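Going down the list, the sequences are from chains A and B.
Numbered per the working numbering, the first sequence spans residues -5 to 194.
Numbered per the working numbering, the second sequence spans residues 176 to 548.
All C-beta atoms in this analysis are idealised placements derived from N, C-alpha and C, irrespective of residue type, glycine included.
This structure is a prediction, so every number in the text was calculated from the model and none was measured.
First the structure, in the form of structure tokens, and then the observations on it.
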Amino acid sequence: MTIATTTELICFLVLSAVVVLGALGVVLLSNIVYSAFLLGGVFTAVAGLYLLLNASFVAAAQILVYVGAINVLILFAIMLVNKKEDLKAIANLGVRRAVSGGVCLGLFALLVRVVVTTPWNLPGPPAVGEEATARIGEHLFTDYLLPFELASVLLLMAMIGAIVLARRDVLAKDVVTGETADQALIEKARTPLLLERRSS
Amino acid sequence: MVSPGLDLELSFSQALQGLGLSPEAARLLWLPLPMLLVLVAAVVGVLVSVWLERKISAAVQQRIGPQYAGALGILQPLADGLKLLFKEDIIPARADSLLFTLGPVLVVIPVIVSWLIIPFGQNLLISNVGVGIFLWIAFSSIQPIGLLMSGYASNNKYSLLGGLRAAAQSISYEIPLALSVLAIVMMSNSLSTVDIVDQQTGAGILSWNIWRQPVGFLIFWICALAECERLPFDLPEAEEELVAGYQTEYAGMKFALFYLAGYINLVLSAVLVSVLYLGGWGFPIPVEWLAGWLGQPVDAPVVQVITGSVGIVMTVLKAYLLVFVAILLRWTTPRVRIDQLLDLGWKFLLPLSLVNLLVTAALKLAFPVAFGG
């Protein structure tokens, strides 16, 4: 075994361990902030796996989009709504956990079956490496144009929805009475400090 | 034609193979060397910029500045660093000690790793990765997580607010930054920093991107300052409002890590501005022309060594010129308010950078000769 393949194997094992343990931590930890930070770690490790597969553009995009945008937004939401609240004790917590654990295990068994029964084409098609950036661009603007545009429309819808939700309070007219409501900041008229002092 | 220039890796591995090592072992021995060199260069760069900051701020305020630690106070940043090193490492009692320690580390690592793509010459960089400049944008997006982490873990409302502000600022300015980089990438048909510089070396100073992308240059510079949290955009640590933002509870080496990250990021951004817009390692007059006028072949070893040295000197010179501008800006401009900051980012820079991108695309179609068709 050469040095390169050994390094690759070690990297793969470490990254896989981080992904699996991190994902378990995201689900099982009770502190939601830890879960969110661990999610960032899992995303980064997945980017590392992409890098091992010679897909450097996808890896960088994974870090930029998932770690840099999505995970930061999740953290943002958690920290802005950091309300200390005593939650009511849930009845039959043990039963609920057992049921959800059973569902998850069933799903896992299904996935394992798929992995085992699918005839994987090993080794897969050769990696295009640095050419991937151009290849992805070509695909996005030819045969994958419709999904690409649909995704952008979806994002636009989400954005408009967020704006509508956030601006709901600020209406020019009172909804009930129909009178114009003044939403401008109430500001004191400005008088220069020194002038005031001199006159008094 | 672009000359191959110096290839230190090739010479190194040939020398080691001459000693009877396998090519793989030679490569393994080579790998840590440029990393170590760049790490040392980055830290020395920080020391120099801290000294510049002290001296220039003193000059702006008509003081003398540090003068007892070494000639012209040149050892002052070293003294600062040593002081921070020996200070007690305090973790507040109610803080989350794990996240509190991890936060500054997450802030520093992406900045240092980004030096991977900084070219000082045709072959003088750690790794000419194909996704080059995109890698830097991706790495700089990790930083807000570290800031949020340290802000949250400090268990202090000012820290939390500072961390949230830092993340908000970083996210908002990343978009115009990426869009202005995209315009450059469109012109040079490559994400690799080496290709971006190569495309600007045709006619010396006249072929630098700043003439073709003046608006992009300004957008990039403003966004880079905002990403580095330099005044006028140092809201996350606005001391009049937030004590010191996310750094409030930090002391000793952990505080030093934030400090280090800030200055490494400043130097890095300055180098990247020079790579993207000011011709990188290129001399204002192409070195090949000079060699031609002096009747020297471009491939001669002496000429290559001189070209390499001129490349390093030019990169550092341009970067520090920009650092100088950043320091002057810091000591002459007031801080903007948070709403002004977000307005500038979202309502002005974002549309402007989109227009810049569209105009670049149109110009590329209309004049493929000048805009890299």
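1) When you compare the CB of A/E2 with every CB in chain B, is at least one pair closer than 8 Å?
2) I believe B/L339 touches B/G321 by the beta-carbon criterion, under 8 Å. Please report the beta-carbon distance rounded to the nearest angstrom.
3) Cα separation between A/S94 and A/F102?
4) Is there a C-beta anywhere in chain A that falls below 8 Å from the one on B/Y434?
5) Kindly confirm or deny that the stretch 454 to 471 of chain B and the stretch 497 to 512 of chain B touch, where touching means at least three C-beta pairs closer than 8 Å.
6) Can you list, in chain order, the residues of the stretch 180 to 204 of chain B whose Cβ is nearer than 9 Å to any Cβ on chain A?
7) Between B/Y333 and chain A, is there a C-beta pair that is closer than 8 Å?
8) Just verifying my parser: in three-state terms, what is the DSSP assignment at B/A445?
9) Compare the C-beta of B/A358 with all C-beta atoms of chain A and state if any pair is closer than 8 Å.
10) Does any residue of chain B have a CB that is nearer than 8 Å to the CB of A/T127?
11) Please compile the residues from chain B whose C-beta is within a distance smaller than 7 Å of the C-beta of A/S24.
12) Answer with yes or no whether the minimum CB distance from A/A71 to chain B is below 8 Å.
13) Residues in its own chain within less than 6 Å of A/L9 by CB, not counting five upstream and five downstream?
14) Using the C-alpha atoms, what's the distance from A/V14 back to A/V109?
15) Counting only Cβ pairs nearer than 9 Å, list the residues of chain A close to B/G305.
16) What separation, rounded to the nearest whole angstrom, lies between the Cα atoms of B/G427 and B/E263?
17) Residue ranges of each alpha helix (DSSP H) run of no fewer than 4 residues wholly in the stretch 409 to 477 of chain B, ordered along the chain?
18) Which same chain residues, not among the five before or five after B/V418, have their C-beta less than 7 Å away from its C-beta?
19) Cβ of A/K8 less than 8 Å from any chain B Cβ?
20) Does the stretch 233 to 248 of chain B come close enough to the stretch 402 to 410 of chain B that 3 or more CB-CB pairs lie under 8 Å?
21) Can you have a look at A/L179 and say buried or exposed, based on whether 16 or more other CB atoms are within 10 angstroms of its CB?
22) For the alpha helix (DSSP H) that contains A/P119, what are its first and last residues?
23) What separation, rounded to the nearest whole angstrom, lies between the Cα atoms of B/L336 and B/A343?
24) How about the stretch 369 to 383 of chain B and the stretch 476 to 484 of chain B: do they share at least three Cβ pairs that are nearer than 8 Å?
25) Between the Cα of A/P117 and those of A/L134, A/L47, A/F37, spot the shortest distance and give me the residue it belongs to.
26) Cβ of B/A536 less than 8 Å from any chain A Cβ?
27) If we cut at 8 Å on Cβ distances, does B/A342 have a partner in chain A?
28) Since B/V235 and B/I308 are thought to touch, with beta carbons under 8 Å apart, how far apart are those beta carbons, to the nearest angstrom?
29) Pick helix, strand or coil for B/V177, following the three-state DSSP scheme.
30) Rounded to the nearest angstrom, what separates B/Y495 and B/L393 at their Cα positions?
31) Roughly how many whole angstroms lie between the Cα atoms of A/I64 and B/Y348?
32) Give the interface partners of B/A313 over in chain A, defined as CB-CB distance under 7 Å, in chain order.
33) Residues of chain A with CB closer than 8 Å to the CB of B/S316, please, in chain order.
34) Going straight from the alpha carbon of A/L149 to that of B/A313, what length do you get?
35) Starting from the Cα of B/L183, find the closest Cα among B/L299, B/E412, B/F523, B/Y438 and give me that residue.
36) DSSP three-state call for A/N65: helix, strand or coil?
In this structure, then:
1) As a position in the first sequence, residue 2 of chain A is number 8, starting the count at 1. False, the Cβ-Cβ gap to chain B never drops below 8 Å.
2) As a working mapping, residue 339 of chain B is identified with position 164 in the second sequence. As a working mapping, residue 321 of chain B is identified with position 146 in the second sequence. Between the beta-carbon of B/L339 and that of B/G321 there is about 13 Å, and that puts the pair past the 8 Å contact cut.
3) Position 100 of the first sequence holds residue 94 of chain A. Position 108 of the first sequence holds residue 102 of chain A. C-alpha of A/S94 to C-alpha of A/F102: approximately 12 Å in a straight line.
4) As a position in the second sequence, residue 434 of chain B is number 259, starting the count at 1. Interface criterion not met: the Cβ of B/Y434 is under 8 Å from no Cβ in chain A.
5) They do not touch, by the three-pair rule.
6) Residues passing the 9 Å Cβ filter: S197, E199, A200, R202, L203.
7) In the second sequence, counting from the first residue as 1, residue 333 of chain B sits at position 158. No, B/Y333 does not count as interfacial toward chain A.
8) Translated into positions along the second sequence, residue 445 of chain B becomes position 270. Residue state, collapsed to three classes: helix.
9) For the purposes of this step, residue 358 of chain B is taken as residue 183 along the second sequence, with counting starting at 1. So, not an interface residue.
10) Within the first sequence, the letter at position 133 stands for residue 127 of chain A. For A/T127, the nearest CB of chain B lies under 8 Å from its own CB, placing it at the interface with that chain.
11) Locating residue 24 of chain A in the first sequence gives position 30, counting from the first residue. Close to A/S24, with beta-carbon spacing below 7 Å, lies no residue of chain B; the smallest spacing is near 14 Å.
12) For the purposes of this step, residue 71 of chain A is taken as the residue at position 77 of the first sequence. Cβ-Cβ to chain B under 8 Å: no for A/A71.
13) Counted from its first residue, the first sequence places residue 9 of chain A at position 15. Excluding sequence neighbours, A/L9 sits near A39, G42, L43.
14) Here residue 109 of chain A refers to the residue found at position 115 when the first sequence is read from its first residue. Here residue 14 of chain A refers to the residue found at position 20 when the first sequence is read from its first residue. Rounded to whole angstroms, A/V109 to A/V14 spans 16 Å at the Cα level.
15) Locating residue 305 of chain B in the second sequence gives position 130, where the first residue counts as 1. Simply S50, F51, G123, E124, E125, A126, T127.
16) To locate residue 427 of chain B, count along the second sequence from 1; it is residue 252. To locate residue 263 of chain B, count along the second sequence from 1; it is residue 88. Each residue's alpha carbon lies about 6 Å from the other.
17) Note on the stretch 409 to 477 of chain B: whole alpha helix (DSSP H) runs with a minimum of 4 residues are 414 to 417, 427 to 452, 462 to 468, in chain order.
18) Numbered from its first residue, the second sequence carries residue 418 of chain B at position 243. Hits under 7 Å: Y333.
19) Residue mapping note: residue 8 of chain A aligns to position 14 of the first sequence, counting from 1. Before going further, note that residue 8 of chain A is Val rather than Lys in the sequence given. Closer than 8 Å: no.
20) Not touching, per the Cβ criterion.
21) Indexing the first sequence from 1 puts residue 179 of chain A at position 185. Caution applies to A/L179, whose pLDDT of 46 falls short of 50 and renders its modelled position unreliable; the model cannot decide the point.
22) Against the first sequence, residue 119 of chain A aligns to sequence position 125. For A/P119, there is no enclosing alpha helix (DSSP H), as DSSP marks it with neither H nor E.
23) The residue you call residue 336 of chain B lines up with position 161 of the second sequence. The residue you call residue 343 of chain B lines up with position 168 of the second sequence. A direct Cα-Cα distance of roughly 10 Å separates B/L336 from B/A343.
24) Verdict: no, contact absent.
25) What you label residue 117 of chain A is simply residue 123 of the first sequence in a count that begins at 1. A/L47 is the residue among A/L134, A/L47, A/F37 whose C-alpha sits nearest the C-alpha of A/P117.
26) Translated into positions along the second sequence, residue 536 of chain B becomes position 361. Interface criterion not met: the Cβ of B/A536 is under 8 Å from no Cβ in chain A.
27) Numbered from 1 along the second sequence, position 167 holds the residue referred to as residue 342 of chain B. Interface residue, yes.
28) Here residue 235 of chain B refers to the residue found at position 60 of the second sequence. Here residue 308 of chain B refers to the residue found at position 133 of the second sequence. Not really, about 33 Å apart at Cβ, beyond 8 Å.
29) Reading the second sequence from its first residue, position 2 is the one you call residue 177 of chain B. Bear in mind that the predicted position of B/V177 carries a pLDDT of just 39, short of 50, making it unreliable; the figure below should be weighed with that in mind. Note: B/V177 maps to coil in three-state DSSP.
30) Position 320 of the second sequence, counting from 1, holds the residue named residue 495 of chain B. Position 218 of the second sequence, counting from 1, holds the residue named residue 393 of chain B. Straight-line measurement puts the Cα of B/L393 at about 17 Å from the Cα of B/Y495.
31) Here residue 64 of chain A refers to the residue found at position 70 when the first sequence is read from its first residue. Here residue 348 of chain B refers to the residue found at position 173 when the second sequence is read from its first residue. Between A/I64 and B/Y348, the alpha-carbon positions lie close to 16 Å from each other.
32) Taking the first residue of the second sequence as 1, we reach residue 313 of chain B at position 138. Within chain A, the residues near B/A313 are A54, I57, L58, G62.
33) Within the second sequence, numbered from 1, the residue matching residue 316 of chain B stands at position 141. I57, L58, V61, G62, A63, V66, listed in chain order.
34) Here residue 149 of chain A corresponds to residue number 155 of the first sequence, with the count starting at 1. Here residue 313 of chain B corresponds to residue number 138 of the second sequence, with the count starting at 1. The straight-line gap from Cα to Cα measures roughly 21 Å.
35) To locate residue 183 of chain B, count along the second sequence from 1; it is residue 8. Of the residues B/L299, B/E412, B/F523, B/Y438, the one whose Cα lies closest to the Cα of B/L183 is B/L299.
36) Taking the first residue of the first sequence as position 1, residue 65 of chain A is located at position 71. It is helical.
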